[in-house]
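Chemist: Using our numbering, read the sequence shown as starting at 83 and increasing by one per residue. The C-beta atom is built at its ideal place from N, Cα and C for all residues, glycine as well. Computed from a predicted structure; not experimentally measured. Just dropping this structure here.
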Amino acid sequence: MMDSKFRVWKNLISTLVSVVIACILLSGSGCEKKVSKTHSTSAKLSFAVDVVTMANSPIYIAEAKGFWKDENLNVEIKPFVSGRLALDALVGKSVTAATVVDISTVLAAYQGHNPRIVATFVTSEKHVNMLARRDRGISKPEDLKGKKIAVSPGTSAEFVMNLFLERAGISRSDVSVVALNPPEIAAAISRGDVDAAFAWQPHIYNAQQALGSNYVVVNSEGIYNHPFSVVVMAESIPNYKEDIKKLILGLIQAEKFIKENRSEAIQIVAKRIDVDPKIVEALWDNYVFEVSLDPSLPQSLKREGKWVKKAGVVKEDAKEPDYQALVYRGLLPASK
């Protein structure tokens, strides 16, 4: 009886040992795959994003359609109301990447930080606009002299405002500039607190609706092609290189989706920024959705760097950044 039980246990143990040995020998086969699948984890990357603007549409779409998950990347979007605040989070090291406009990148470099533009995913000549009240005698930029103008300081809107004033032959001292946060601008101009404003969409559109027909809009077409970019800090690239590549790949997938699924893309964006889809539809063609790094980008950064000095946004003796170094091309796919 004891011999019989002993033989049963001996055979059972022998079978288990054989299974374990087979799994070890068949590395890369079913046994290993089941284990690796059970314990696989995605890389995590924190991403500061201005979630008010539709310019960041590729980001909303990559998030909604799971394009980053396809790359085994868990992107945690940190919401902000402007790119400038997103950049503050980046330089403060509370996020790994941020959506930032070029002028904010220049300002950060002047402040001694090391931002790097790794990809531009949207450009627009109609994102930042001049909006003015007709009842204040304004029909063109030349009429801004002596007027009260609202703008968010240190942003691309202020940069565009200065370009408009220069072209119109108006000195900054010839206007009264009122510093407001972007969401406050529509209300201020509709109340009549200011005569004109420089802001981006959808704030301009919202103000237009409040003003009825009592407005004039002049976009920055031919003056400024507004780029929206993914920016990281130079010191984070060695540790997050592969994750940043995956972040860009997700945006490339979003670019493709936008081109092939216009209607669905508009619905996704409208829901994400809580705006009527009709508004998003009306503004959609103002943007070019394409992941790239324009060879002329360093020259554009240099132009903005000269402006921030001239305008007194940075100290006159501030060291000028290396504009070529601000653009990092090593993470964009070769096909791009």
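Please state the DSSP three-state secondary structure of E372.
Modeler: Counting from 1 along the sequence shown, the entry for residue 372 is found at position 290. Shown here, E372 sits in a strand according to DSSP, grouped into three states.
Chemist: Can you say whether K175 is buried or exposed, counting buried as having 16 or more other CB atoms within 10 angstroms of its CB?
Modeler: For the purposes of this step, residue 175 is taken as the residue at position 93 of the sequence shown. So K175 counts as exposed.
Chemist: Rounded to the nearest angstrom, what separates F339 and D376 at their Cα positions?
Modeler: To locate residue 339, count along the sequence shown from 1; it is residue 257. To locate residue 376, count along the sequence shown from 1; it is residue 294. Their backbone Cα atoms lie some 22 Å apart in a straight line.
Chemist: With Y369 and S186 assumed to form a contact (beta carbons below 8 Å), what rounded beta-carbon distance in angstroms separates them?
Modeler: As a working note, residue 369 is residue 287 in the sequence shown. As a working note, residue 186 is residue 104 in the sequence shown. Their Cβ separation, rounded to whole angstroms, is 19 Å, which puts Y369 and S186 out of contact at 8 Å.
Chemist: According to DSSP, is R354 helix, strand or coil?
Modeler: Start at 1 with the first residue of the sequence shown, and residue 354 comes out as number 272. R354: helix per DSSP, three-state reduction.
Chemist: What span of residues does the alpha helix (DSSP H) with K392 cover, start to end?
Modeler: As a position in the sequence shown, residue 392 is number 310, starting the count at 1. Start and end: 379–392.
Chemist: For H285, does the three-state DSSP call read helix, strand or coil?
Modeler: Counted from its first residue, the sequence shown places residue 285 at position 203. Here H285 sits in helix by DSSP.
Chemist: CB K230 to CB V200, shorter than 9 Å?
Modeler: In the sequence shown, residue 230 corresponds to position 148, counting from 1. In the sequence shown, residue 200 corresponds to position 118, counting from 1. Cβ atoms of K230 and V200: not closer than 9 Å.
Chemist: Whole angstroms are fine: how far does the CA of V395 sit from the CA of E402?
Modeler: In the sequence shown, the residue the question calls residue 402 occupies position 320. In the sequence shown, the residue the question calls residue 395 occupies position 313. Roughly 13 Å between the two C-alpha positions.
Chemist: Give the straight-line distance between the Cα atoms of A261 and Q291, rounded to the nearest whole angstrom.
Modeler: Here residue 261 refers to the residue found at position 179 of the sequence shown. Here residue 291 refers to the residue found at position 209 of the sequence shown. Going from the Cα of A261 to the Cα of Q291 covers about 22 Å.
Chemist: Using 10 angstroms around the beta-carbon of V299, count the other beta-carbons present and answer buried if the total reaches 16, otherwise exposed.
Modeler: By 1-based counting over the sequence shown, the position of residue 299 is 217. It counts as exposed.
Chemist: For V373 and L333, which I take to be in contact (beta-carbon distance under 8 Å), what is that distance rounded to the nearest angstrom?
Modeler: As a working mapping, residue 373 is identified with position 291 in the sequence shown. As a working mapping, residue 333 is identified with position 251 in the sequence shown. At roughly 5 Å, the Cβ-Cβ gap stays under 8 Å, so V373 and L333 are in contact.
Chemist: Can we say the segment 208–220 touches the segment 141–156, given the rule of at least three CB pairs closer than 8 Å?
Modeler: They do not touch, by the three-pair rule.
Chemist: Starting from R449, trace the beta strand (DSSP E) in both directions and tell me its first and last residue.
Modeler: With the chain covering 83 to 418 only, the question about residue 449 has no answer from this structure.
Chemist: Going by beta-carbon coordinates alone, are L172 and G236 separated by less than 9 Å?
Modeler: The residue you call residue 172 lines up with position 90 of the sequence shown. The residue you call residue 236 lines up with position 154 of the sequence shown. No, the Cβ-Cβ distance between L172 and G236 is not below 9 Å.
Chemist: A179 by DSSP, collapsed to three states: which one?
Modeler: As a working note, residue 179 is residue 97 in the sequence shown. Looking at A179 - three-state DSSP - the assignment turns out to be strand.
Chemist: Can you tell me which of the three DSSP states D132 falls into?
Modeler: Position 50 of the sequence shown holds residue 132. Correct three-state label for D132: strand.
Chemist: What separation, rounded to the nearest whole angstrom, lies between the Cα atoms of E363 and K397?
Modeler: Mapped onto the sequence shown, residue 363 falls at position 281. Mapped onto the sequence shown, residue 397 falls at position 315. Each residue's Cα considered, the two are about 42 Å apart.
Chemist: Considering P140, what are the terminal residues of the alpha helix (DSSP H) in which it resides?
Modeler: Numbered from 1 along the sequence shown, position 58 holds the residue referred to as residue 140. Unbroken alpha helix (DSSP H) run through P140: 139–146.
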